[in-house]
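J.: Residue numbers (our numbering), protein chains in the order written: chain A, 1 to 268; chain B, 1001 to 1530. Using N, Cα and C, we set each Cβ at its ideal position, and we do this for glycine too. Structure incoming, see below.
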Amino acid sequence: MVGADTVGAGAAGTAAVRVRGLWKRFGQQVAVAGIDLELPAGRFIGLVGPNGAGKTTTLSMVTGLLRPDQGTVEVVGHDVWRDPVEVKARIGVLPEGLRLFERLSGRELLAYSGRLRGMPGAEVDKRATQLLDVLDLAGAQHKLVVDYSTGMRKKIGLAAALLHNPEVLFLDEPFEGVDPVSAQTIRGVLERYTASGATVVFSSHVMELVESLCDWVAVMAAGRIRAHGPLAEVRGEAPSLQRAFLELVGADGRDAGLDLDWLGGGAR
Amino acid sequence: MSAPAITPVVVRLKLSLLRNGLRQSGGRRAAYIASAVIALLFAALQLVGLIALRGFDHAESLVVLLVAVLGLGWAVMPLFFPGGDETLDPTRLVMLPLRPRPLVRALLVASLVGIGPLFTLCLLVGSVIAVAHGGAAFAAGVLAVPLALLVCVALARAVAAANVRLLTSRRGRDLAVLSGLVIAVGAQLVNFGAQRLGSSGLEQLGPAADVVRWIPPASAVGAVHSAGEGAYGAAVVQLLLSAAALAGLLVLWARSLTRLMTAPDGSTLQTSRAAARDRTSTGLARLLPPGRTGTVMERSLRYVWRDPKTKAAWVTSLAIGLIVPVFNAWQGTGSVYLACFAAGMLGMQMYNQFGQDTSAFWMVAMTVSSPRDAYVELRARALALLLITLPYATLVTVLTAALLGDWPLLPEALGLSFALLGAMLATGAWTSARFPYSIPQEGYKNVAPGQVGLAWVSIVGGMVAAAVLCAPVIALTVWLNAGADGDAGRWLLLPVGTLYGAALTLLGLRLAAPRTARRLPEILAAVSKG
């Protein structure tokens, strides 16, 4: 139901997320230094950048989990801070570095989070069963989340974020520490979800991953957006996103290992 | 190749670990030195006290029980303070080519180094001096002291080794968090036991001591006494009992060490018992109201049972809330009003609600978009709390009244309890929104570093405020009791107190809700530390 609307909106070029003049300082350190960004709806969007670039801070502010010092954020046309009712019902979030209610079992966690959003119990249970099946968690559904592995935690977090069928999904490092099998499962679910017209915004510092998944990217470094646009545009002439990224952040040509000429080879 | 003696190596390892641990930080050194000084001071006082006890009638009963308690302490210590001693963690020695027998010897000697063994030694020497009369007794004492000390240490090691699997698992760590509670409740029980002894004399210890003097390590000290009385046969049997216990413990320890060092580590084993019971819909869930209220209540109640920190706080509150009024009443010294203690202790659980969520609070924050949502969330948490607290406070009050036989006071004590509970819920809800702080999930601390002041302001300020809020009901109680016609209107305090408490709670929730809704990111930041 949401899908059809969003496809239309996406085609018309409306923004899923609109950020204006976003700033955040932690003491002396500037984490996010004035971001202006428009993320198109209906795309698979990658927010890339090295560790400490401000990706998590930005996503936290966009989703309403962290109050910005300055700037405005609109998600699907509603201000995150002035109109939380509209925004919170339309987004799903998988944050990085925050816990889940880990003393619930996987199934209980989904039941809790769906009912907390005011969904009818029967519908929550039906969707939870399907999500647990698709994400390969059915066997562990009655285990406490505290006993889950990293990959299982990411998957149950993703299930909780998808349960209410949000229009925009924000995922902070969804593939960090995830084994290849779980990563493939997550990927499949996300691809199916965007194919229906919904928007995924995810952050990562693994360029190959972003390049293979996303059709739109924003490159972040030192709290600023260095480039953004469709993948092909940002990559430009460079052979890979990795190269383009290194050029953008000015780390290109720093060929590590020239000095370590003794490493490997014949003589010890 | 003749194996070099590993005992000195392990002892030296223990000493270097101790030294390096102290070198890590000034605070740690200060803490260690302070605890050492206190332990030694305490040991010295015990020693002096025990020597002074010499010649008293029931000295032997007391000393034997003391040593038994000491032994018990050594047995449970490794369960609550796992990982306290790295040299004794056999899993770290797995890669070394060591035979169990020399290893056990080396570890046993190494575990004699430290404050604990020194403290135990002081106590045992004092015990022997307190009960030894005559040369034979002192001769037995020379054997008894090392024997008892070794039994204590071997007991701790054997228990620890047998439980390494438990202690390295999540369940074991959960258990460790509950240790604070054992200490808190144990201290209360000891306190009341001591009071009881003080009022009715030491002869009460007799029957217990008659049994305990045959149980190692107390039997070693019992032997000293027996030798002093000329019962040499008994003395020999008692010493042999201790020696046999030591031998048995060493065999057990060696066996679990061998198993530990040859079997895979418990933490890497996949738990195959995943076929757990189906917990989807418990009986309770169907009784709870629908919507957010029931969902939040269910989660809160599950956490009371499943989250070790929450559980520890609850069990402590429940235990102390019961012990203080009921034990006082049992001794005939209390008053029915003391039963308000239960309501007060349980009301404390409303404080720092969001801190109890840890950073998982984001899941709540994502679904709170209006003061109304926040109100329903807080109200549901208060309801979950009331579901346990209301019957419990009533039960404690009735029990106290029954023990004291003071039934006429019951209605007003109940009324006061409910008023206090309401005030605690109201202030708890408000401080949860205004002064949230993190509760670290690991270790024994209940406040994250840097937030101690915040926690104090929240708890102490809240409790003072709750007391002030209750003042009208207290004043009414005093006024009605002082009134000329006595009992006439006192039953009124039950409905008045209940209504007043309910009104306070509703008011507190109403005030806390908009603040919570407005400060979601700030609360999340405050509860995500540590």
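What's the gap between the Cα of B/Trp-1314 and the Cα of B/Leu-1346?
T.: 7 Å
J.: Helix, strand or coil for B/Ala-1218 per DSSP?
T.: helix
J.: How many angstroms separate the CA atom of B/Phe-1042 from the CA atom of B/Leu-1118?
T.: 11 Å
J.: Taking the beta carbon of B/Val-1064 as the centre, do at least 16 other beta carbons fall within 10 Å, making it buried, or is it exposed?
T.: buried
J.: For A/Thr-56, tell me which candidate among A/Thr-185, A/Ala-128, A/Pro-95 has the shortest Cα-Cα distance.
T.: A/Pro-95
J.: Could you tell me whether the region 1333 to 1343 of chain B touches the region 80 to 89 of chain A, where touching means 3 or more Cβ pairs closer than 8 Å?
T.: With a cut-off of 8 Å, the region 80 to 89 of chain A and the region 1333 to 1343 of chain B do not count as touching, because too few Cβ pairs lie within range.
J.: Check the Cβ-Cβ distances between B/Arg-1381 and every residue of chain A, and say whether any is below 9 Å.
T.: no
J.: Using a C-beta to C-beta distance shorter than 8 Å, which residues of chain B count as neighbours of A/Ser-113?
T.: Met-1363, Thr-1367
J.: Which first and last residues belong to the alpha helix (DSSP H) in which A/Val-134 is found?
T.: Counting along the chain, the alpha helix (DSSP H) containing A/Val-134 begins and ends at 121 to 134.
J.: What residue ranges within the region 59 to 119 of chain A form continuous alpha helix (DSSP H) runs of no fewer than 4 residues, ordered along the chain?
T.: 84 to 90, 106 to 116
J.: Comparing alpha-carbon positions, which option in B/Thr-1120, B/Val-1048, B/Ala-1110, B/Gly-1230 lies nearest B/Thr-1137?
T.: What sits at residue 1137 of chain B in the sequence shown is Ala, not Thr. The shortest C-alpha to C-alpha distance from B/Ala-1137 to any of B/Thr-1120, B/Val-1048, B/Ala-1110, B/Gly-1230 is the one to B/Gly-1230.
J.: Would B/Tyr-1232 be called buried (16 or more neighbouring beta carbons within 10 Å of its own) or exposed?
T.: exposed
J.: Cutting at 6 Å between CB atoms, please list the residues of its own chain near B/Ala-1223, excluding the five before and the five after it.
T.: Ala-1140, Ala-1144, Ala-1235, Gln-1238, Leu-1239
J.: I'd like to know if B/Ala-1313 contacts chain A, where contact means its C-beta is closer than 9 Å to some C-beta of that chain.
T.: no
J.: Please tell me whether A/Arg-243 has its Cβ less than 9 Å away from any Cβ of chain B.
T.: no
J.: With DSSP as the reference, identify every bridge partner of A/Gln-29, one or two as the case may be.
T.: A/Phe-26
J.: Got a sec: is the Cβ-Cβ distance from B/Thr-1268 to anything in chain A below 9 Å?
T.: Confidence in B/Thr-1268 is poor, its pLDDT being 45 and thus under 50, which makes the residue's placement unreliable; the coordinate value appears in the next sentence. No, because no Cβ of chain A sits closer than 9 Å to the Cβ of B/Thr-1268.
J.: For B/Thr-1295, which residues in chain A fall below 7 Å Cβ to Cβ?
T.: Tyr-112, Arg-115, Leu-116
J.: Please decide whether A/Val-2 counts as near chain B, where near means a Cβ-Cβ distance under 9 Å.
T.: Confidence is the limiting factor: at A/Val-2 the pLDDT is only 39, short of 50, which leaves the residue's position unreliable and the question unanswerable from this model.
J.: Put A/Thr-199 into one of helix, strand or coil per three-state DSSP.
T.: Strand.
J.: Going along the chain, which residues of its own chain have a beta-carbon closer than 8 Å to the beta-carbon of B/Leu-1383, five neighbours each way excluded?
T.: Thr-1293, Met-1297
J.: So, A/Lys-155 versus A/Leu-137, is the Cβ gap smaller than 9 Å?
T.: yes
J.: Return the bridge partner residues of B/Val-1113 from the DSSP annotation.
T.: None; B/Val-1113 has no bridge partner.
J.: Using three-state DSSP, classify B/His-1133 as helix, strand or coil.
T.: coil
J.: Leaving out five residues on either side along the sequence, give the residues of the same chain with a beta carbon under 7 Å from the beta carbon of B/Gln-1349.
T.: So the qualifying residues of the chain are Ala-1313, Trp-1314, Ser-1317, Leu-1385.
J.: Once DSSP output is grouped into helix, strand and coil, what is the label at A/Ile-225?
T.: strand
J.: Quick one: measure Cβ to Cβ for B/Val-1527 and B/Pro-1436, integer angstroms, because I've assumed they're closer than 8 Å.
T.: Yes, B/Val-1527 and B/Pro-1436 are in contact; Cβ-Cβ is about 5 Å, under 8 Å.
J.: Nearest to B/Trp-1430 by alpha carbon, out of B/Ile-1459, B/Gly-1405, B/Gln-1451, B/Leu-1260?
T.: B/Ile-1459
J.: Assuming A/Leu-144 and A/Ser-105 are in contact, meaning their beta carbons sit under 8 Å apart, how far apart are those beta carbons, in whole angstroms?
T.: The distance from the Cβ of A/Leu-144 to that of A/Ser-105 is about 6 Å, consistent with a contact at the 8 Å cut-off.
J.: To the nearest angstrom, how far is the alpha carbon of B/Val-1518 from that of A/Ala-31?
T.: Checking the displayed sequence, the identity of residue 1518 of chain B turns out to be Arg instead of Val. Computed Cα separation, rounded: 23 Å.
J.: Kindly say whether B/Asp-1406, judged by its beta-carbon, lies nearer than 9 Å to any beta-carbon of chain A.
T.: no
J.: Answer yes or no: does any C-beta atom of chain A fall closer than 9 Å to that of B/Pro-1290?
T.: With respect to chain A, the C-beta atom of B/Pro-1290 has a partner C-beta closer than 9 Å.
J.: Counting only C-beta atoms, is B/Arg-1279 closer than 9 Å to chain A at any point?
T.: Model confidence at B/Arg-1279 stands at a pLDDT of 46, short of 50, so the residue's coordinates are unreliable and nothing is read from them.
J.: In whole angstroms, what is the alpha-carbon distance linking B/Leu-1469 and B/Ser-1417?
T.: 13 Å
J.: Are the CB atoms of A/Gly-21 and A/Gln-70 within a distance shorter than 9 Å?
T.: yes
J.: Identify the contact partners of A/Val-93 in chain B, using a Cβ-Cβ distance below 7 Å as the criterion.
T.: Met-1366
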